[in-house]
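Protein chains in written order, with numbering that gives the first Met the number 0: chain A, 0 to 102; chain B, 0 to 158.
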Amino acid sequence: MVDLEIWIALLLGLMTLSAAILVLLVKNHIAAVAAASVVSLGLALLFVLMRAPDVAMTEAAVGAGLSSLILALAVKRLGLWRIDGKTTRSSLLVTNTRREKDA
Amino acid sequence: MIPGFTLELILYSTALGLVSIGLAGLVLSHHLFRIVLALVIAEAGANLMLVLAGYRWDAVAPILTTLGEQPQMVDPVPQAMVLTAIVIGVGIQALAVSILIRIRQRYHTLDRNEVAELMDAEIAATAGTARDVSQEAPLGERPIPPITDDAVQVRGGRS
């Protein structure tokens with residue numbers, strides 16, 4: 000039982016951490032918002048594992064639902080809503096100083 | 000199972016990883032919207048750390064099912080605080096997004112350095128002064144204090 004919980008926690012932790020890295024590295028802003036939502040969902044499942052079901056409910060409803068809604072509407076309002084993307088990496092990894100304007 | 004490889008270890012490393020990834024994004028990102036996303040991640044890691052403070056591996060969820068003798072429960076106080084922190088975090092996000100919308104309306108860019116430049120120029124124009132272009136040699140004639148006689152004595156006379 001405890002062994003199973005450890006493996007589930009390992010899986011969820013790796014998923015959460017990789018989604019968090021993806022938020023910073025992916026170029027498309029919609030994908031970044033989706034990755035932030037994945038971070039919130041993984042966190043909610045981890046809360047269930049930690050015997051905090053009320054926090055898990057709130058995190059899933061508010062953190063993954065309402066927050067991604069706000070961020071997606073912000074992407075739309077800020078004019079960053081672009082589906083196509085030729086490059087998938089963000090400017091965090093680009094070393095030249097003359098960046099293309101993304102807004 | 001490897002000894003020492005416990006659930007707490009995994010959860011603590013996840014929480015610390017989330018906080019450090021969020022802080023790294025906060026410092027390294029060029030785009031203001033991504034800075035807001037990094038703030039969201041750092042806040043999620045802080046919430047996980049707070050719930051982890053009350054966690055015991057041999058306890059049950061803090062829900063009263065029977066009267067009388069209760070089994071060992073996890074600490075419900077950090078959970079209640081985290082419940083509040085999640086909602087406050089969404090409020091902070093909404094505030095940050097509204098500030099971003101205002102910035103975009105005014106400066107038509109969301110790059111951190113460009114917004115800082117434009118803000119500097121606007122502040123200087125409003126104050127009616129020239130822009131401070133260099134940190135080493137600030138603009139404006141700053142009065143240099145005259146050297147007193149005892150300071151001259153200490154330095155070994157005028158040259």
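Ideal Cβ placement from N, Cα and C applies to all residues, glycine included.
Please read all numbers here as calculations on a predicted model, not as lab measurements.
Rounded to whole angstroms, what's the CA-CA distance from residue i to residue j? Just pull it up for me.
| i | j | result |
| --- | --- | --- |
| A/LEU11 | A/ALA55 | 14 Å |
| A/ARG76 | A/ALA63 | 20 Å |
| B/ALA14 | B/PRO70 | 28 Å |
| A/ALA51 | B/GLN78 | 7 Å |
| A/LEU3 | B/GLU113 | 50 Å |
| B/THR5 | A/THR15 | 18 Å |
| B/GLY90 | B/ILE146 | 56 Å |
| B/LEU117 | B/ALA95 | 19 Å |
| A/ARG81 | B/ALA60 | 44 Å |
| B/ILE34 | B/ASP148 | 54 Å |
| B/THR108 | B/SER19 | 27 Å |
| A/VAL25 | B/ILE87 | 27 Å |
| B/LEU36 | B/SER97 | 14 Å |
| B/VAL151 | B/ILE122 | 41 Å |
| B/THR83 | A/ASP53 | 11 Å |
| B/GLY67 | A/LEU13 | 41 Å |
| B/THR65 | B/SER12 | 35 Å |
| A/VAL47 | A/ASP83 | 36 Å |
| A/ALA60 | A/LEU70 | 15 Å |
| B/VAL153 | B/ARG101 | 57 Å |
| B/TYR106 | B/ASP119 | 12 Å |
In chain order, what residues of the same chain lie with their CB nearer than 6 Å to the CB of residue i, ignoring the 5 residues before and after it?
| i | result |
| --- | --- |
| A/VAL37 | ALA18 |
| B/ALA124 | none |
| B/VAL81 | ASN46, LEU49, VAL50 |
| B/LEU10 | LEU51 |
| A/LEU40 | ALA63 |
List the DSSP bridge partners of residue i.
| i | result |
| --- | --- |
| B/ASP119 | Partner(s): none; B/ASP119 has no beta bridge. |
| B/HIS30 | B/ASP110 |
| B/VAL89 | For B/VAL89, which the question treats as bridged, DSSP gives no partner whatsoever. |
| B/MET72 | B/VAL59 |
| B/VAL39 | DSSP lists no partner for B/VAL39. |
Where does residue i land, buried or exposed, given buried means 16+ other C-beta within 10 angstroms?
| i | result |
| --- | --- |
| B/GLY155 | exposed |
| A/GLU58 | buried |
| A/VAL1 | exposed |
| B/GLU42 | buried |
| B/SER28 | buried |
| B/ILE85 | buried |
| B/ARG130 | exposed |
| B/GLY162 | The requested residue 162 of chain B does not occur in the structure, where chain B is confined to residues 0 to 158. |
| B/LEU63 | exposed |
| A/VAL74 | buried |
| A/MET49 | buried |
For residue i, which residues of its own chain have a beta-carbon under 8 Å away from its beta-carbon, when the five flanking residues on both sides are left out?
| i | result |
| --- | --- |
| B/GLY16 | GLY44 |
| A/VAL22 | ALA31, ALA34, ALA35, VAL38 |
| A/ILE5 | none |
| B/ASP110 | HIS29, HIS30, LEU31 |
| B/VAL73 | GLY53, TYR54, ARG55, ALA58, VAL59, ALA60, PRO61 |
| B/PRO75 | GLY53, PRO61 |
| B/LEU99 | LEU31, PHE32, VAL35, LEU109 |
| B/ALA23 | ALA37 |
Please look up how many angstroms separate the CB atoms of residue i and residue j, rounded, as I've assumed it's under 8 Å.
| i | j | result |
| --- | --- | --- |
| B/GLN92 | A/SER66 | 6 Å |
| B/GLY53 | B/ILE40 | About 22 Å; that fails the 8 Å criterion. |
| A/LEU79 | A/HIS28 | 4 Å |
| A/ALA8 | A/LEU42 | 12 Å between Cβ atoms; not a contact. |
| B/LEU25 | B/LEU38 | 6 Å |
Note down, in chain order, each residue of its chain lying with its Cβ closer than 7 Å to the Cβ of residue i, except the 5 sequence neighbours on either side.
| i | result |
| --- | --- |
| A/LEU72 | none |
| B/ALA115 | none |
| A/ILE20 | none |
Got a sec: is the Cβ-Cβ distance from residue i to anything in chain C below 9 Å?
| i | result |
| --- | --- |
| B/LEU117 | As a matter of chain content, chain C is missing from the structure shown, whose protein chains are A and B. |
For the ligand FAD, any of its heavy atoms closer than 8 Å to the Cβ of residue i?
| i | result |
| --- | --- |
| B/TYR11 | As for the ligand FAD, it is missing from this structure, which has no ligand bound. |
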